[in-house]
Each structure stands twice: as C-alpha cells, then as structure tokens.
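K.L.:
Following this message is one structure expressed as structure tokens.
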Amino acid sequence: MELSGAEIIAQFLEDEGVEYLFGYPGGAVLHIYDALLRADSVKHILVRHEQAAAHAADGYARSTGKTGVALVTSGPGMTNAVTGIATAYLDSIPLVVLTGQVPTGVIGSDAFQEVDSVGISRPCVKHNFLVNDVKDLAETLKKAFYVASTGRPGPVVVDIPKDVTDPNIKIPYTHLSSIEMRSYNPVTKGHPFQIKKALELMLRAKKPVFYTGGGVVLSNASSSLRSLVRQLGFPITSTLMGLGAYPSSDEQFLGMLGMHGTYEANMAMHDTDVLIAVGARFDDRVTGHLEKFCPTAKIIHIDIDPSSISKTVKVHIPIVGDVDDVLTTMLEMLKDSEDKVEQSKCDQELKDWWKQIKQWRKKNCLRYNKKTKTIKPQYVIEKLHEITEGDAYITSDVGQHQMFAAQYYGFDKPRRWINSGGLGTMGFGLPAAMGVQLAHLDKTVACVTGEGSIQMNIQELATCMQYQLPIKIINLNNRYLGMVRQWQEFFYEGRYAMSYMDSIPDFVKLAESYGHVGMKIDQTSDVEDALKEAFAMKDKLVFMDFITNREENVYPMISAGKGHHEMELAPDSELV
Amino acid sequence: MRHIISILLENESGALSRVAGLFSARAYNIESLTVAPTEDPSLSRMTLVTSGSAEIIEQITKQLNKLVDVVKLNDLNVSQLQHIEREMMLIKVKAPVSARDEIMRLSGIFRGNIIDVTDDAYTVELTGTSDKLNAFIASFDCDSILETVRSGVMGISRGSSALHL
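Top line first, the protein sequences correspond to chains A and B.
Here the first sequence is numbered in the numbering used here, starting from 1 and rising by one per residue.
Here the second sequence is numbered in the numbering used here, starting from 577 and rising by one per residue.
This is the structure:
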C-alpha cells in the first residue's frame, strides 16, 4: 500500500491498536491531522493545552499499562508538552509523543514555531528521534513504541518535520509486527543464583520488611507480590508510587513509608535487618537522611534498571530483572524449600518482630480530630473511600491533598492511584483523570486536588465537557498553597511568603460556566451527603469545592536531614 | 580515579549530544572525549576519560549503557585486561634560527615528526600517553609555544579481546 508520511502515521497508530490520541493541532502537524480524519479506530481527544495532552496520555498509560500517545505541533506545542513528558519520565511511564517540526529544509534557521525539540526533550525522555526521511518513518514509530514500553518504560519523543508528512509523496507501507535494535536489549530475567541468594537471606531474617515501589505496578507484579508476601508472613510497606500493588487493607501492610509515611512503616525500616526493595528506587522522599537509612539492614534490591541499583544506597544483593519475573521465580524456589518457609514463619523472632510492629501501630499515627465543624481534608478522603467503596480510580495533583489521598484512601488494587510522584507536577490531576476516564468509561474516576493545583490546568474542564467525561473533582480548598504553607510554618517561622492565594475563583460558577455541576461544601456534617449526591450523578462531571481547615498539616513528617526513626507525629492538641 | 571508557555507539546525529548531555545533567566529569566512525560506518567509537569514586564510575557506566544509542562499552580500567592509550598532539612552536636545532633534537627524543616548517614556526606531530605529551610541552618555555591541539585519549585493550559487535 502506498501512503504519504501523514497517512503512514495514521495507519500505523491504527495498526498498533492505539485507542486514543491526545493532541492539539498546529501548522507543522496539519498534514497528520488531515490524515487522521480517516483513521477510524483512533479517537483523537482535543485537549485545551499541550501539557494536558501529555498528562492525559500518561493517565491513560498508568491506568491501563498500555502506551499513551500524544500529538502536538512544533515550537510552543512541543515546549508546552515538556512538563508532561518529564512527568512521565520521572515515573517511568510508557508514552509516545509525536511532535511536529518545521520542514527539514529550514531546520536550524529559527523558522516560525521552530525549536530544537530533540535537544529540549533529550534530558527528560527515555529516547527521542528526529525523522529526516519519510522512508524511515514507519520503522522509527515502531522503535518508539518498542522502546517506550519495554525494559524500564518511559516517554519517547518522535519529532516529525512537516515535509516528511507531505501528502504528495507516497511510499510503500507495511506494518512491522516487531522490531529489533542492536543497541537496546533490556534484561528481563533475573539471575537465578542471585535470586536464590536473596531468598536464603530472607528466610534467615529476623526483622524483614518488604519495601515496594512503582516498579511492581509497572511490571504487573501485584499478584506475585501478594503471594510471596503472604507466604512469607513478612510486613510490607510501599512508596507513594507503589500504592495499591499490595492491598492496603491487608494486615501485613504497614502503610506508606517515607516523608509522610506511617510511624510503623518508618520505624520498621529503621530497625529491619533484611530489607527487600522491589521496584523501588530509594528516592530521597523515601530514604530521609541517607546516613541514617536502614542502619542495620542487609539490602536486597530487585529492579529492571541496573542504574537504579546502588545509586544512592549500597545494596548487598542486587537482582536485575523484571519484577514479576523475579518474584515468580522466587515463588517457584520457595516451593522447594517449604519446610524452611514454615520454620521461618513460626520463628519466634518473626513473631517478636510483629509484636514490635503492633506496638508501633498502636500509636495510630494517622488519627485526627473528626469532630471539628470545619472540614478536615483527611475526613473527606475517608468518606470518599467509603462512598466509592475503595474502588475508584483516584488521580491527584501535588501537595497536601496528594499526601492525604495517599494516606487515607486505602488503595487495594494496582493502577488505581494515579499521581505525579517523581516530578511532583501540579496540574497533573485533571488531565490525567481524562485519560483514566477514557480508558475506563464505566468506572468511577475522581481527581483529588487543591485550589492551587487545579488552576494549573483548569482549562481542561472544557475538554471534559466536549467528551462528556463524568470525573468527580474533589477540591480540598484551604485557600493556601498548603504544602508550601506547611513548610513555611515549620521552617520559616510562619512567614507565609506568597503561599496565600488571593482572589480564588468561585469554583461552583466556574464549573457551571463550562457546563458542569458545581458544589460548595463547607461543613463537616455535609460532606457525606454531598459526596453521595455527586457520585450518584453518573454521567456528569461534578466539581466539589470542599472548604477545608485552613492550616491543616500533613503528619507524620520526616524533616530534611532526619532519619526514619526521627519522624514527627501530629501534636496531641490536634488529635483530641 | 581516572578511567578510560571505550564506547561503541550508533553513528547517528544526536548520539554525541546524548553522551555529553548525560555528563552535564548528572554532573560527571569529562576530561577528554574523542569520537569517529569505525570500519563499520554505522558505528562510532568513542573514548571518554573521566574520573570519580568507584561508585560514581559505576553509575557512569550504567547510565551510559542505558542510553539507547550506546551499543556496547568497556571500562578499560576495570576490565581484567591491560590496555594501551595514546593521544596525538600537534604543537606549533616559534622557530627562530637559534632554536631550530633544539626543537629538532627534542622532537627526536620524543619521537615526534616535524610536519610543517616556515621561516618562523615549526609544527611537531607527537603521539603517546598524555604524560608524554605533557612532558614535551613542559620542555618548551611558554612563550615559544604558539598553539597546541590534542586529540584526546584513545584507548584499546591488549591482546585479542576487542570491543566489537
């Protein structure tokens, strides 16, 4: 079949089974848009800002495990998408972003809407391509999807000059079912010897703890992780990115660890003798002060990316491989040493370890005063969990509300918690929710946000109307940039520099002006009914503006330079 | 410690900037970097000299390996094999009649070649380890050196082991 470059792109996306293409047209991609009109199986979602295209594709990818795809024009289209690309990069999300470029003949001449897209995106992509010749287009697209979705996933940018999509130049096209690249061969199988060594250490452990991260979700290893952790009877904690991979309602789950992790999780990290890190990368929000990190532990680290191993924390037994593959191998090896497993489970030392953990648990570190008239953000999240039966897809923005959602929603399934962990991108929540909702049309999707974050991509309310996306927006409105304010309270003697937002819009009217339903809730006693009412409106986007306690702080908290055991809990006065 | 890392990478536009960009983004050191196509025109061979603690060097090699354009690499300072390194220099020195004998004598001692001669300047071509080139430079007084250009270090392992596909 003879196709033009633009038609090749459209046909390729169809052949690759791409459901949604999130994009925004412009000069350099007009040929592509024209060809897309005839690609029936690819639904184009017109966002209102290119950043949202990348985030929506990202939300789609996180909630499905498939590669998200975005299409933007050259110059500002591409630069607007960069924040979304970097967001995906930091959280290892498979994304293919097609960017228009000025025609090859004028590249480098500072042409209208020209930027060096390959240069700009280089530090925040897994890989990128500039397609110089239409003959390379199909193969490059195939490579882009292959690289984005395999190994440690990540975003790939394909920069396509306008002349490469010229409708008058047609070449033969066939869809490649697979591709090989001599320079790219990600390791997936963990080394059996290393796995065995790790298992032996685990079975001898006195105070073991699993520390799991986003890699478990990315590798779809949730079920093998559950089996392994339950068989061994070990406690488990998760990073922000890994929430849901292990059910948080399970007795063995200690809650999230790190800066705003639970008391029991962080104390267990400090005291453990064998730390089993699975698909986690020892991020600074998790480790606290490195010199005080897990002082007595032997560390096992399972990760698909060799460069994650011993990057900040020296690891004793590294296992490079796909998390699910390694855990499955471990489970098989466990079968052969069943006696040892039983022995280890009955072990008095493990019992003592659990006894200690239960002591820590008694602190009930997430408790808060539920009797206040002004709305506590924690309460809203707990009620949200109740009313959605813990089964909603929750996206979030970045700040206090993000931590409250992570701490109080209680995720039991993977891919239900969609947030920007690594880059911490405010403005992520709403566009990500669009991608999630499109991927799961009949499921409940809520975006937990704050009045600061939501305004960073508020324009997407229009996209939600155009495509009838019944997202529920939970706006925890404290009239402050809450996390900034919290740090200013703690570390800048309460000098609230620029963390107060004057002239906050009337979100109810704003939502209504876009054609949605708006609700304002300002009393604790109204929270539950309001949520019920909103979630009953199955086919409507409801913007719920919760006027929350202004100076609520996120606890527990590990301050900069502190270790896990030096975390601070909420002062008693706040707990009543 | 100083390490020489040999890299085989795709001979594609942008490959060099990926390597250079990685070093600047992660605040690694580059002492020298040299790159040219190999006998297979689709591949370039790069020799990169860097320095850092064992942990940093480990990260550098892992991060380099992660670049999609990097086909293969070898840290010549950690492989069991010994290696040879060479650097080439062209150095242009003032050559008044009174100094010519000395320049020729020094070139001879250092096994250099005088490759350009004019009324007032000689250009010497010299190959060797970086130390040898430094020693040659040090044997001139600063004022008499007009220009130096160095290739950066190239390295290769001894014996039959080779960095190839």
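Quick reminder that beta carbons are idealized off the backbone N, C-alpha and C, glycines included.
What three-state label does DSSP hand residue 70 (chain A) in the structure shown?
P.N.:
Looking at residue 70 (chain A) - three-state DSSP - the assignment turns out to be strand.
K.L.:
With distances taken from CA atoms, which of A:463, A:491, A:429 is nearest residue 475 (chain A)?
P.N.:
Measuring from the Cα of residue 475 (chain A), the nearest candidate turns out to be A:429.
K.L.:
Beta-carbon separation of residue 273 (chain A) and residue 298 (chain A) under 8 Å?
P.N.:
Yes, they are a contact pair.
K.L.:
Whose C-beta lies closer than 8 Å to the C-beta of residue 190 (chain A) among residues of the same chain, with five residues either side of it excluded?
P.N.:
Cβ within range, chain order: 302, 319, 320, 321, 322, 325, 326, 329.
K.L.:
Roughly how many whole angstroms lie between the Cα atoms of residue 203 (chain A) and residue 228 (chain A)?
P.N.:
Near 12 Å, if we compare the C-alpha coordinates of residue 228 (chain A) and residue 203 (chain A).
K.L.:
State buried or exposed for residue 642 (chain B), treating a residue as buried only when at least 16 other CB atoms are found within 10 Å of its CB.
P.N.:
By the neighbour-count rule (16 or more Cβ atoms within 10 Å), residue 642 (chain B) is buried.
K.L.:
Alpha carbon to alpha carbon, how far is residue 608 (chain B) from residue 580 (chain B)? Give it in angstroms, no decimals.
P.N.:
Spanning the two alpha carbons is a distance of roughly 9 Å.
K.L.:
Could you pull the start and end residues of the alpha helix (DSSP H) that residue 431 (chain A) belongs to?
P.N.:
Residue 431 (chain A) -> alpha helix (DSSP H) spans 429–439.
K.L.:
Using a Cβ-Cβ cut-off of less than 9 Å, list which residues of the segment 169–189 of chain A approach chain B; keep chain order.
P.N.:
Listed by position along the chain: 181, 182, 183, 184.
K.L.:
Among A:177, A:385, A:262, A:426, which one has its Cα closest to the Cα of residue 557 (chain A)?
P.N.:
The shortest C-alpha separation from residue 557 (chain A) is found at A:262.
K.L.:
For residue 553 (chain A), tell me which candidate among A:482, A:438, A:564 has the shortest Cα-Cα distance.
P.N.:
Ranking A:482, A:438, A:564 by Cα distance to residue 553 (chain A) puts A:482 first.
K.L.:
Opposite residue 662 (chain B) in the DSSP bridges: which residues?
P.N.:
Answer by DSSP bridge pairing, in chain order: B:730.
K.L.:
Name the chain A residues that come within less than 8 Å of residue 678 (chain B), Cβ to Cβ?
P.N.:
Ordered by position in chain A, no residue passes the 8 Å Cβ test against residue 678 (chain B), which lies about 48 Å from the chain.
K.L.:
Can you find a CB in chain B that lies within less than 8 Å of the CB of residue 634 (chain A)?
P.N.:
Nothing in the structure corresponds to residue 634 (chain A), since chain A is present only between 1 and 576.
K.L.:
Per the DSSP calculation, residue 689 (chain B) is bridged to which residue(s)?
P.N.:
Per DSSP, B:701.
K.L.:
Name the DSSP bridge partner or partners of residue 500 (chain A)?
P.N.:
Answer is A:480, bridged to residue 500 (chain A).
K.L.:
Leaving out five residues before and five after residue 200 (chain A) in sequence, what residues of the same chain have Cβ atoms less than 8 Å from its Cβ?
P.N.:
Closer than 8 Å at Cβ, skipping near neighbours: no residue.
K.L.:
Hey, quick one: how far does the alpha helix (DSSP H) through residue 252 (chain A) stretch, first residue to last?
P.N.:
Premise fails: residue 252 (chain A) is in no alpha helix (DSSP H) and is neither H nor E.
K.L.:
Which parts of the segment 52–97 of chain A are runs of the alpha helix (DSSP H), unbroken and 4 residues or longer, counting only runs that do not cross its ends?
P.N.:
List check, alpha helix (DSSP H) in window: 76–90.
K.L.:
With residue 373 (chain A) as the anchor, note down where its alpha helix (DSSP H) starts and where it stops.
P.N.:
Neither: residue 373 (chain A) is in no alpha helix (DSSP H) and is coded neither H nor E.
K.L.:
Would you kindly check if the distance between the Cβ of residue 250 (chain A) and the Cβ of residue 207 (chain A) is under 8 Å?
P.N.:
Against a cut-off of 8 Å, the Cβ pair of residue 250 (chain A) and residue 207 (chain A) comes out as no contact.
K.L.:
Cβ closer than 8 Å: which chain A residues qualify as neighbours of residue 634 (chain B)?
P.N.:
Residues of chain A passing the Cβ test: 310.
K.L.:
Quick check: residue 55 (chain A) and residue 84 (chain A), are their CB atoms within less than 8 Å of each other?
P.N.:
For residue 55 (chain A) and residue 84 (chain A), yes; Cβs fall inside 8 Å.
K.L.:
Where DSSP assigns a beta bridge to residue 393 (chain A), which residues make up the other side?
P.N.:
Answer by DSSP bridge pairing, in chain order: A:445.
K.L.:
What in chain A is Cβ-close to residue 571 (chain B), meaning under 9 Å?
P.N.:
This structure cannot speak to residue 571 (chain B), because chain B is shown only from 577 to 741.
K.L.:
Report all residues from its chain with a CB closer than 7 Å to the CB of residue 44 (chain A); omit the five preceding and five following residues, and keep chain order.
P.N.:
21, 23, 36.
K.L.:
Give a yes or no on whether 8 Å exceeds the smallest Cβ distance from residue 315 (chain A) to chain B.
P.N.:
Closer than 8 Å: no.
K.L.:
Count the other C-beta atoms from every protein chain shown that fall within 10 angstroms of the C-beta of residue 178 (chain A), then say buried if there are 16 or more, exposed otherwise.
P.N.:
Classification of residue 178 (chain A): exposed, given that the 10 Å Cβ count is below 16.
K.L.:
Kindly list the residues whose CB is nearer than 6 Å to the CB of residue 378 (chain A), restricted to its own chain and excluding five residues on each side of it in sequence; keep chain order.
P.N.:
Correct list, in chain order: 368, 404, 408.
K.L.:
Against residue 601 (chain B), what residues of chain A qualify as contacts under a CB-to-CB distance less than 7 Å, listed in chain order?
P.N.:
Per Cβ cutoff of 7 Å: 123.
K.L.:
Helix, strand or coil for residue 722 (chain B)? Go by DSSP, reduced to three states.
P.N.:
Correct three-state label for residue 722 (chain B): strand.
K.L.:
Starting from the beta carbon of residue 117 (chain A), find every residue of chain B whose beta carbon is closer than 8 Å, and list them in chain order.
P.N.:
Going along chain B, no residue has its Cβ under 8 Å from residue 117 (chain A), so there is no contact; the nearest lies around 11 Å.
K.L.:
Measure the Cβ-Cβ separation of residue 700 (chain B) and residue 689 (chain B) and say whether it is below 8 Å.
P.N.:
Yes.
K.L.:
Grab the span of the alpha helix (DSSP H) containing residue 627 (chain B) for me, first residue to last.
P.N.:
Note, residue 627 (chain B): premise wrong, no alpha helix (DSSP H); beta strand (DSSP E) at 619–627.
K.L.:
Terminal residues of the continuous beta strand (DSSP E) containing residue 519 (chain A)?
P.N.:
Residues 517–521.
K.L.:
Counting beta carbon pairs with one atom in the segment 92–112 of chain A and one in the segment 447–456 of chain A, are three or more of them shorter than 8 Å?
P.N.:
With the cut-off at 8 Å, the segment 447–456 of chain A and the segment 92–112 of chain A do not touch.
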